[in-house]
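Asker: Okay, handing you the structure first.
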Amino acid sequence: MKISKQFREHLNNINIVSKHFKNIFGIVLISALLLTSCTKNDDNDGDILIRPTAEDFNKIKEAALENLTQTFQFNTDDGNIMLTSEKGVQIFISSSCLTLNGEAVTGTVDVEFVELFDKGSMLTTNKPTMGMLPNGDKGLLISGGEFFVDATQNGVSLETTCGFQMQIPADLTGGVDNDMTLWEGVIDQDGNLAWDEVERDGAQGEGGVFGEGNQYYGFFQSFGWSNVDRFYNDPRPKTTILVAVPEGYDNTNSAVYISYDGEDAGLANLDTYDSETGLFSEHYGLIPIGLECHIIFATEDGENWKYAIKAVTITENGVVTFTEGDTSIATEAQLTTIINGLP
Numbered sequence: 015m016k017i018s019k020q021f022r023e024h025l026n027n028i029n030i031v032s033k034h035f036k037n038i039f040g041i042v043l044i045s046a047l048l049l050t051s052c053t054k055n056d057d058n059d060g061d062i063l064i065r066p067t068a069e070d071f072n073k074i075k076e077a078a079l080e081n082l083t084q085t086f087q088f089n090t091d092d093g094n095i096m097l098t099s100e101k102g103v104q105i106f107i108s109s110s111c112l113t114l115n116g117e118a119v120t121g122t123v124d125v126e127f128v129e130l131f132d133k134g135s136m137l138t139t140n141k142p143t144m145g146m147l148p149n150g151d152k153g154l155l156i157s158g159g160e161f162f163v164d165a166t167q168n169g170v171s172l173e174t175t176c177g178f179q180m181q182i183p184a185d186l187t188g189g190v191d192n193d194m195t196l197w198e199g200v201i202d203q204d205g206n207l208a209w210d211e212v213e214r215d216g217a218q219g220e221g222g223v224f225g226e227g228n229q230y231y232g233f234f235q236s237f238g239w240s241n242v243d244r245f246y247n248d249p250r251p252k253t254t255i256l257v258a259v260p261e262g263y264d265n266t267n268s269a270v271y272i273s274y275d276g277e278d279a280g281l282a283n284l285d286t287y288d289s290e291t292g293l294f295s296e297h298y299g300l301i302p303i304g305l306e307c308h309i310i311f312a313t314e315d316g317e318n319w320k321y322a323i324k325a326v327t328i329t330e331n332g333v334v335t336f337t338e339g340d341t342s343i344a345t346e347a348q349l350t351t352i353i354n355g356l357p
């Protein structure tokens, strides 16, 4: 059968189009393979690093704090108010002392309250127990509880002219320790919290805390973050350490903490980062040589926590290195349980 010239040209056009589509399909297939081979693992050459932003990391810490926030409501007509937390802390607020822009407050008042007694919750909320020393250095505090109290009306924070009190069960942190004092939380421009000791300046102990029976009694002058603490005491020679984290992480999208073995209510952090070396540091030189502890790297991954933990005995000027292969993924609840399970 003879095929016309016009028909042969039509067949050639079809073959060209078919080859064109095959080329497009090949390009799409190769692109898909390249995309699926991208990974967060930075151990292999050529891998694309996908790291959380500072906003991602902040959001997961804020979510942890929100999950631990308790809310109360009362009317100022009720006079002296006693609120009881989930862990049995009693908060005493005098309605007559509440003011807004210097004016007495009436009507409904909302209260937000956070209580942190374990190092797992301290880590996920980024509320370590680091106290300010007179020279500006920071040392580890052992805590009888970290607290946040905020009284608001229509979303605006109130002030108190006569302070407020709390009664705190001491068995939540191992019993009464008479060396405990009261500390006020100071949050820096990066959102990190440190603690400044409050002077006992009242005839009835206002501005301070004391232990009696199995309770701590705290007298607080203002709302915000507060802490019942004492400095960790260890007579051994001290040093600093350095910690290297996986590529692509720094102090904006990750953090490094130290859990001292044998201390369930205290969490240190390495609060300095050198962008040139990529190393986190406790640059005050206050970590005891010979201390058995666990170093914790923490960051965000897909709205979950990515973390790594290493058991370490502190050596002079030691360096601890985390790789991507050391990391695991956990939910907030899982990570809290893991950290609280450390020795």
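Each number in the working numbering corresponds to the 1-based position in the sequence shown with 14 added. From the three backbone atoms N, C-alpha and C, an ideal C-beta is built for every residue, glycine too.
Specify, as a first and last residue, the run of the beta strand (DSSP E) that glutamine 84 falls within.
Answerer: Counting along the chain, the beta strand (DSSP E) containing glutamine 84 begins and ends at 84–89.
Asker: Can you tell me which of the three DSSP states glycine 219 falls into?
Answerer: Confidence is the limiting factor: at glycine 219 the pLDDT is only 48, short of 50, which leaves the residue's position unreliable and the question unanswerable from this model.
Asker: Hey, how far is the Cα of leucine 349 from the Cα of alanine 118?
Answerer: When rounded, the distance between both Cα atoms is 44 Å.
Asker: What's the C-alpha gap between lysine 75 and threonine 139?
Answerer: The straight-line gap from Cα to Cα measures roughly 5 Å.
Asker: By the 10 Å Cβ neighbour count, where 16 or more other Cβ atoms means buried, how is threonine 291 classified, buried or exposed?
Answerer: When all chains shown are included, threonine 291 counts as exposed.
Asker: Does DSSP classify threonine 345 as helix, strand or coil?
Answerer: Residue state, collapsed to three classes: coil.
Asker: Provide the residue span of the alpha helix (DSSP H) that contains aspartate 70, from first to last.
Answerer: Unbroken alpha helix (DSSP H) run through aspartate 70: 68–81.
Asker: With lysine 101 as the anchor, note down where its alpha helix (DSSP H) starts and where it stops.
Answerer: Taken as a continuous stretch (DSSP letters only), lysine 101 belongs to no alpha helix (DSSP H), as it is neither H nor E.
Asker: Is any heavy atom in the ligand ZN found nearer than 7 Å to the beta carbon of threonine 195?
Answerer: Of the ligands one can find in the structure shown there are none, so the ligand ZN has no counterpart to examine.
Asker: Using 10 angstroms around the beta-carbon of alanine 347, count the other beta-carbons present and answer buried if the total reaches 16, otherwise exposed.
Answerer: Exposed, by the Cβ-count rule.
Asker: Could you check whether the segment 271–287 touches the segment 126–144, counting it as contact only if at least three pairs of C-beta atoms, one from each stretch, sit closer than 8 Å?
Answerer: Yes, since at least three Cβ pairs between the segment 271–287 and the segment 126–144 fall closer than 8 Å, the two stretches touch.
Asker: When DSSP labels each residue in this structure, what does glutamate 261 get in the three-state scheme?
Answerer: Glutamate 261: coil per DSSP, three-state reduction.
Asker: My output table needs one value for glycine 159: the three-state DSSP class, helix, strand or coil.
Answerer: Note: glycine 159 maps to strand in three-state DSSP.
Asker: Let me make sure I understand the geometry here. Which of Ser289, Thr341 and Asp315 has the alpha-carbon closest to that of isoleucine 309?
Answerer: Checked all of Ser289, Thr341 and Asp315; the closest Cα to isoleucine 309 is Thr341.
Asker: Check cysteine 307 in the structure and name its three-state DSSP category.
Answerer: Residue state, collapsed to three classes: strand.
Asker: When DSSP labels each residue in this structure, what does lysine 133 get in the three-state scheme?
Answerer: Looking at lysine 133 - three-state DSSP - the assignment turns out to be helix.
Asker: Do alanine 68 and threonine 266 have their CB atoms nearer than 8 Å?
Answerer: Their beta carbons are under 8 Å apart, which means alanine 68 touches threonine 266 by this criterion.
Asker: Run through DSSP, which three-state label would aspartate 92 get?
Answerer: Aspartate 92: helix per DSSP, three-state reduction.
Asker: Is the beta carbon of valine 125 less than 8 Å from the beta carbon of valine 163?
Answerer: For valine 125 and valine 163, yes; Cβs fall inside 8 Å.
Asker: Could you check where the beta strand (DSSP E) with valine 270 kicks off and where it finishes?
Answerer: Where valine 270 is concerned, the enclosing beta strand (DSSP E) stretches over 268–274.
Asker: Between the Cα of aspartate 248 and those of Gly276, Phe224 and Glu338, spot the shortest distance and give me the residue it belongs to.
Answerer: Among Gly276, Phe224 and Glu338, the Cα nearest to that of aspartate 248 belongs to Gly276.
Asker: Under the assumption that tryptophan 239 contacts glycine 145 (Cβ atoms under 8 Å), give the Cβ distance between them as a whole number of angstroms.
Answerer: With a Cβ gap of about 13 Å, tryptophan 239 and glycine 145 do not count as contacting.
Asker: Taking Cβ to Cβ, would you say alanine 322 is nearer than 8 Å to phenylalanine 311?
Answerer: Contact: yes.
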